[in-house]
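There are 2 protein chains.
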Amino acid sequence: MKLSPLAPASFPDLPAIDGVRLATAAAGIKYPGRADVMLAVFDKATTVAGVFTRSRCPSAPVDWCKAVLGGGRARALLVNSGNANAFTGKRGREATKISAALVADAIGCRKREVFLASTGVIGEPLDPSKFEGVVGAAAARAEPDAWLDAARAIMTTDTYPKGATHRVTVGDAAVTINGIAKGAGMIAPDMATMLAFVVTDAAIDAPVLQAMLDRGVRDSFNAITVDGDTSTSDTLLVFATGAAGETPISDSGDRRFRPLRAALDDLLRDLAHQVVRDGEGARKFVEVRVTGAASKRSARRIAMAIANSPLVKTAIAGEDANWGRIVMAVGKAGEPADRDKLAIWFGETRVAVRGERDRHYSEAEAAAHMRRREIVITVDVGAGKGRDTVWTCDLTKDYVAINGDYRS
Amino acid sequence: MKLSPLAPASFPDLPAIDGVRLATAAAGIKYPGRADVMLAVFDKATTVAGVFTRSRCPSAPVDWCKAVLGGGRARALLVNSGNANAFTGKRGREATKISAALVADAIGCRKREVFLASTGVIGEPLDPSKFEGVVGAAAARAEPDAWLDAARAIMTTDTYPKGATHRVTVGDAAVTINGIAKGAGMIAPDMATMLAFVVTDAAIDAPVLQAMLDRGVRDSFNAITVDGDTSTSDTLLVFATGAAGETPISDSGDRRFRPLRAALDDLLRDLAHQVVRDGEGARKFVEVRVTGAASKRSARRIAMAIANSPLVKTAIAGEDANWGRIVMAVGKAGEPADRDKLAIWFGETRVAVRGERDRHYSEAEAAAHMRRREIVITVDVGAGKGRDTVWTCDLTKDYVAINGDYRS
Chain A
1 MKLSPLAPAS
11 FPDLPAIDGV
21 RLATAAAGIK
31 YPGRADVMLA
41 VFDKATTVAG
51 VFTRSRCPSA
61 PVDWCKAVLG
71 GGRARALLVN
81 SGNANAFTGK
91 RGREATKISA
101 ALVADAIGCR
111 KREVFLASTG
121 VIGEPLDPSK
131 FEGVVGAAAA
141 RAEPDAWLDA
151 ARAIMTTDTY
161 PKGATHRVTV
171 GDAAVTINGI
181 AKGAGMIAPD
191 MATMLAFVVT
201 DAAIDAPVLQ
211 AMLDRGVRDS
221 FNAITVDGDT
231 STSDTLLVFA
241 TGAAGETPIS
251 DSGDRRFRPL
261 RAALDDLLRD
271 LAHQVVRDGE
281 GARKFVEVRV
291 TGAASKRSAR
301 RIAMAIANSP
311 LVKTAIAGED
321 ANWGRIVMAV
331 GKAGEPADRD
341 KLAIWFGETR
351 VAVRGERDRH
361 YSEAEAAAHM
371 RRREIVITVD
381 VGAGKGRDTV
391 WTCDLTKDYV
401 AINGDYRS
Chain B
1001 MKLSPLAPAS
1011 FPDLPAIDGV
1021 RLATAAAGIK
1031 YPGRADVMLA
1041 VFDKATTVAG
1051 VFTRSRCPSA
1061 PVDWCKAVLG
1071 GGRARALLVN
1081 SGNANAFTGK
1091 RGREATKISA
1101 ALVADAIGCR
1111 KREVFLASTG
1121 VIGEPLDPSK
1131 FEGVVGAAAA
1141 RAEPDAWLDA
1151 ARAIMTTDTY
1161 PKGATHRVTV
1171 GDAAVTINGI
1181 AKGAGMIAPD
1191 MATMLAFVVT
1201 DAAIDAPVLQ
1211 AMLDRGVRDS
1221 FNAITVDGDT
1231 STSDTLLVFA
1241 TGAAGETPIS
1251 DSGDRRFRPL
1261 RAALDDLLRD
1271 LAHQVVRDGE
1281 GARKFVEVRV
1291 TGAASKRSAR
1301 RIAMAIANSP
1311 LVKTAIAGED
1321 ANWGRIVMAV
1331 GKAGEPADRD
1341 KLAIWFGETR
1351 VAVRGERDRH
1361 YSEAEAAAHM
1371 RRREIVITVD
1381 VGAGKGRDTV
1391 WTCDLTKDYV
1401 AINGDYRS
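Top line first, the protein sequences correspond to chains A and B.
To convert, note that position 75 of the first sequence is 75 in our numbering; the numbers rise steadily by one, no gaps.
To convert, note that position 108 of the second sequence is 1108 in our numbering; the numbers rise steadily by one, no gaps.
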């Protein structure tokens, strides 16, 4: 797989975080000879929050995580690539129990403190005995600074590992947040994300962490789309080890809440953008801004109608400033919009205004913007004050090639 | 443009219908040297019914038709290809008035008895003076059997002209129904259709004809999708000249209503399938059947989630019996579905049952079905008794190529 032309220059330097150790292993689940298992081991005080796919057919690990999340505590995270353990029936459920038990035995914790995530092919039984040979050794050799290896082990069709890190002062403590993610296709909003795991050494109670996360995904992972398709396995987990040493944040009114939330929001947006930049076959990173909508919610729907339109996405792939297709997508969204007040910009170039072509616009200027790697489309729909922004990529022949021959 | 491999063997022989005459002309709207205008002239008794795009940004001709449809009478239909007269503001509205006046003058009727449809590029002003030189002559030379020419004149990215005809006995009269359509991309359901025009010599009052049409589109044009995108210009008009000579049907309880409706339903489905078979870049015609849903409406939503999924459509293009992506699409639909009762068939081969892979299924059999031109996907979602069927095509590199370079 060729590196996405939209990839960041390099993987950021993710520092060690007190309270978490990481290891990877090659369990031969699907890809021979590459690491396909990632184990994270957390200290005892670690709290956890999560959001998951809204698919009506969630994978067995998603069911598992949802069931144990209520405990609010995590001691381990086991992730595998190559097999999603989705649509695997009773055997799939058994596999999650066996996997959690293996990890619990290896590190000495309860099963319900073990979180699981799987990504890869749907419908193939996952053989949990594959983990037997590797989990114990992985737990033993886990180390604090294996973030790049961890990000690599969870990749499937990704062309680069995805990571982000932030430092922020929370009260009197210097706190670190690291995150890794995977995802390149089957990416759609309102369903959490693909797989993303965030760890901080901040101390924060689980319900407060959950509230922070629920809000954070709105304008990050829930505001991106590659193909409008939704995985059965989307999982975003945030772990707080508490090792930075302050008393835990137990209330969103705590003065330490806001700076931590701001840092988490930034990190989630960064990771979400990296997923879009690795969109299957993507050559353009596209920001879609909608203003003048009836509400933020309405703006989101219009923006997503644009971002998910195959005709808009192929036009962008063709570097064509085809604003007629933007009009089409706005119309299709079914949201309040005043056709005769509509205005559209490509970058800084206003191409349409008051419901018709802007007579003064320069086609050359618009075309120059379309040739860029990063495209900004702005639409004012003339119906109110709601605004929102989402991110997507173009739809290329490579997307079809990658997905027309994935299983074989 | 290469002929779609899914094209019918030939254009059917559409007989003359009493009460309508057709002509085409080359007005040079966009395509030099080809007929891009179609004029139909109807006898005085002709009633009309129509359904239109639900786009919030409809074209000027759609607005025009909706405004004059209430009259229930039609004397003429003027259609052009090459320019959609959509998102053209005040000038677009003026263009419809001028066009209707030109036709009304040429054939001696009222403007509000003239119906208009335009298809092509969005956002370019349509110069109605282009019609001036051609409408009078076209009206003069219109003839009853120019159906193939008419079907050709309304094409844009279509690779073949689309037509269908039915004969049915209605009361004591032998009635004919002819229809033509165009459409290859920007095709999505619940928004009427692309352009389709149907004429019958049956006699039927406009409100009864409208009721018949409203029901007829449900399982034909509203049950197809190529790319999930919705045109600003979708228009389906049915004209009944009454020339077959019976007293008009004025009530849906009339014993002649049902046979006529059945014939219209068949014809609409035939035309709708022809549109899918000409889907941009399509190589496979796909029928998606959903059973066991909570209701027909729910079954439709699940079927459409499958039919619109880029991952399902690219898998079909790759001849890959990737039923995991069907599970994904069912889950994404958000409708009631019992994951652990789900069953999936490709053709006659059941590949999944009771929420997991069917242990006895033959991959070779499933693969053989995927190599066919016509694919049938059946999904039972185990939640109730609702069922529905929709039709779509695969998503190929050619779709991207066609739409990545349309304007230039």
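Yeah, the Cβ is synthetic: ideal placement off N, Cα and C, and Gly gets one too.
In the three-state reduction of the DSSP assignment, B/Glu1094 falls in the helix class, which pools H, G and I.
Taken through DSSP and simplified to helix, strand or coil, B/Asn1080 comes out as strand. Assigned with DSSP and collapsed to three states, B/Met1328 falls in helix.
B/Gly1108 sits in coil when the DSSP states are folded into three classes, being neither helix nor strand.
Listed in chain order, the non-local C-beta contacts of B/Gly1355 below 6 Å within the same chain comprise Arg1339, Asp1340 and Leu1342, local neighbours out to five positions each way being set aside. B/Trp1391 does not reach chain A, its nearest Cβ partner there being about 17 Å away, counting only Cβ pairs nearer than 9 Å. Here the C-alpha atom of B/Lys1385 lies approximately 51 Å from the C-alpha atom of B/Ala1025. B/Leu1003 sits exposed, since fewer than 16 C-beta atoms from the chains shown fall within 10 Å of its C-beta. The DSSP-derived three-state label of A/Ser99 is helix. An exposed status is given to B/Pro1015, since fewer than 16 other beta-carbon atoms sit within 10 Å of its beta-carbon.
A/Phe42 has A/Val20 as its beta-bridge partners, per DSSP.
With the rule of 3 Cβ pairs closer than 8 Å, the region 389 to 408 of chain A counts as touching the region 1315 to 1327 of chain B. Listed along the chain, the chain A residues whose CB falls inside 9 Å of the CB of B/Trp1323 are Phe87, Ile122 and Gly123.
Sorting B/Pro1058, B/Val1048, B/Gly1179 and B/His1369 by C-alpha distance to the C-alpha of B/Pro1207 places B/Val1048 at the top. Excluding its 5 nearest sequence neighbours in each direction, A/Thr46 has C-beta neighbours in its own chain below 8 Å: Gly19, Val20, Arg73, Ala74, Arg75, Phe239, Ala240, Thr241 and Gly242, listed in chain order. A/Ser118 is bridged by DSSP to A/Asn80.
Using beta-carbon distances, A/Asn178 does not count as an interface residue toward chain B, since no partner is under 9 Å.
Within the region 1332 to 1365 of chain B, those residues whose Cβ lies closer than 8 Å to any Cβ of chain A are, in chain order, Lys1332, Ala1333, Gly1334, Glu1335, Pro1336, Ala1337, Arg1339, Asp1340, Leu1342, Ala1352, Arg1354, Gly1355, Glu1356 and Arg1357. The beta carbon of A/Leu395 sits closer than 9 Å to some beta carbon of chain B. For A/Ser295, the closest of A/Val381, A/Arg372 and A/Met328 by C-alpha to C-alpha distance is A/Val381. Taking 9 Å as the cut-off, the beta carbon of B/Ser1309 is found closer than this to the beta carbon of B/Arg1325. Assignment of B/Lys1030 by DSSP, reduced to helix, strand and coil, places it in the coil class. Per the coordinates, the alpha-carbon of B/Ile1302 lies some 12 Å from the alpha-carbon of A/Cys57. The shortest C-alpha to C-alpha distance from A/Val51 to any of A/Val37, A/Tyr160 and A/Val217 is the one to A/Val217. Sequence-distant partners of A/Asn83 (beyond 5 residues in either direction) whose C-beta falls short of 7 Å from its own C-beta, in its chain, are Ile29, Lys30, Ser118, Gly120, Val121, Glu124 and Leu126.
Per DSSP, B/Asp1214 is one residue of the alpha helix (DSSP H) stretching across Ala1206 to Arg1218. DSSP links B/Ile1180 through a beta bridge to B/Gly1163 and B/Phe1197. Around the beta-carbon of A/Pro32, fewer than 16 other beta-carbon atoms lie within 10 Å, marking it exposed. For A/Cys65, there is no enclosing beta strand (DSSP E); the enclosing alpha helix (DSSP H) has its first and last residue at Ala60 to Leu69.
Counting only runs that start and end inside the region 1339 to 1377 of chain B, the alpha helix (DSSP H) elements of at least 4 residues fall at 1363 to 1370. With fewer than 16 other beta carbons inside 10 angstroms of its own, A/Gly108 counts as exposed. For the set A/Pro248, A/Thr389, A/Ala383 and A/Trp323, the Cα lying nearest the Cα of A/Tyr361 is the one of A/Trp323. Under a 10 Å Cβ-count criterion, A/Thr176 is classified as buried, with 16 or more other Cβ atoms of the shown protein chains found around its own Cβ. Restricting attention to B/Lys1397, B/Glu1246 and B/Leu1006, the CA atom closest to the CA of B/Gly1171 is found in B/Glu1246. Secondary structure of B/Val1400 (DSSP, three-state): helix. Contact annotation for A/Cys65 against chain B: no contact, minimum CB-CB distance about 16 Å [criterion: below 7 Å].
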